[in-house]
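Beneath this line is the structure, given in structure tokens, with notes to follow.
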Amino acid sequence: MSVRNARNCQPCTACCDGWVQIKVKGCEAYPGKPCPHSTGSGCDDYGNRPVNPCQTFECAWVQKDSDLPDNFKPSESGVLVINSILQWQGLTVDLAVPVGQKIPEASLSWLMQYAEKSMRPLIYQQQDDNDKEIQKNPLTLAYGPPAFQQWVLEQQQKGIPLW
Ligand code: SF4
Ligand code: SF4
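Be aware that the sequence shown starts at 0, since it is given in numbering that gives the first Met the number 0, and climbs by one per residue.
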């Protein structure tokens, strides 16, 4: 959404394009429904963009001291990562959403290895293969200890939002 440090957003608009669900000036953006101001390579109302989420949102790739490799820029890697989406039993959990249908296998494999190495369970989303169109709410999956996977499943079965 802006220029922040050595890693610049431009021309990425993955968050503006709704791959992570946001509300901008009362208007929802979600998978398949970008913010109306997104041009696909920038914002056509940049000067008037609201503070929240436009000026404050940072994906994990653009954050200072990010652990993600250079080639994880969401517009290039096909995955948008949000740090510390929730806490589970004292562990910090990260979220990865696809920029498109699926998180590419190589990116997902890297994130899973990172989750193990860093003891940070991962929640990730994928569009269902059976759906012809992009769904607002993709499948939500978990990677981490079995008890964590079970917990994520139970929250979903009970209809409790995870974050
Ligand atoms: S997804 Fe990340 S890199 Fe892309 S525009 Fe949003 S904050 Fe910037
Ligand atoms: S108003 Fe601009 S910066 Fe904010 S989400 Fe929409 S396109 Fe992105």
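Note that the Cβ used here is the ideal one computed from N, Cα and C, for glycine as well.
Contact test: residue i Cβ vs ligand 2 heavy atom, cutoff 7 angstroms
i      : result
SER40  : no
CYS34  : yes
SER76  : no
SER108 : no
Own chain, CB closer than 6 angstroms to residue i, minus 5 neighbours either side, in chain order
i      : result
ASN136 : none
VAL23  : CYS34
TRP162 : ILE84 and LEU85
SER37  : THR12, CYS15 and ASP16
GLN154 : LEU161
ILE21  : ALA28 and PRO52
ALA5   : none
ASP44  : HIS36
SER74  : CYS11 and ALA13
Near ligand 1: residue i beta-carbon under 7 angstroms from a heavy atom
i     : result
PHE56 : yes
SER83 : no
THR12 : yes
PRO52 : no
Residue of the options minimising C-alpha distance to residue i
i      : options                        : result
PHE147 : ALA105, ILE122 and GLN62       : ILE122
PRO120 : VAL98, SER65 and TRP150        : TRP150
LEU107 : ALA95, MET118 and SER117       : ALA95
GLN124 : GLN9, VAL19 and ALA5           : VAL19
ILE102 : ASP64, LEU138, CYS42 and ASN51 : LEU138
C-beta contact flag for residue i and residue j at 8 angstroms
i      : j      : result
GLY39  : THR12  : yes
VAL92  : ALA59  : no
PRO145 : GLN126 : no
MET118 : LEU140 : no
ASN82  : GLN62  : yes
GLY31  : GLU104 : no
Residues near residue i by beta carbon distance below 7 angstroms, same chain, minus five either side
i      : result
GLY143 : ALA114, PRO120 and LEU121
GLY99  : GLY77
LYS72  : CYS11 and TRP60
ASN7   : none
LEU67  : ALA59, TRP60 and VAL80
TRP109 : none
Cβ-based neighbour list, residue i, same chain, cut-off 8 angstroms, excluding 5 preceding and 5 following
i      : result
GLY41  : GLN9, PRO10 and THR12
LEU152 : ALA141
### Sequence ranges, alpha helix (DSSP H) only - wholly within the stretch 6-89, length at least 4
73-76
### Query
Counting only runs that start and end within the stretch 86-138, where is the alpha helix (DSSP H) found for 4 or more residues in a row?
If we require 4 residues or more, the alpha helix (DSSP H) runs fully inside the stretch 86-138 come out as 104-117.
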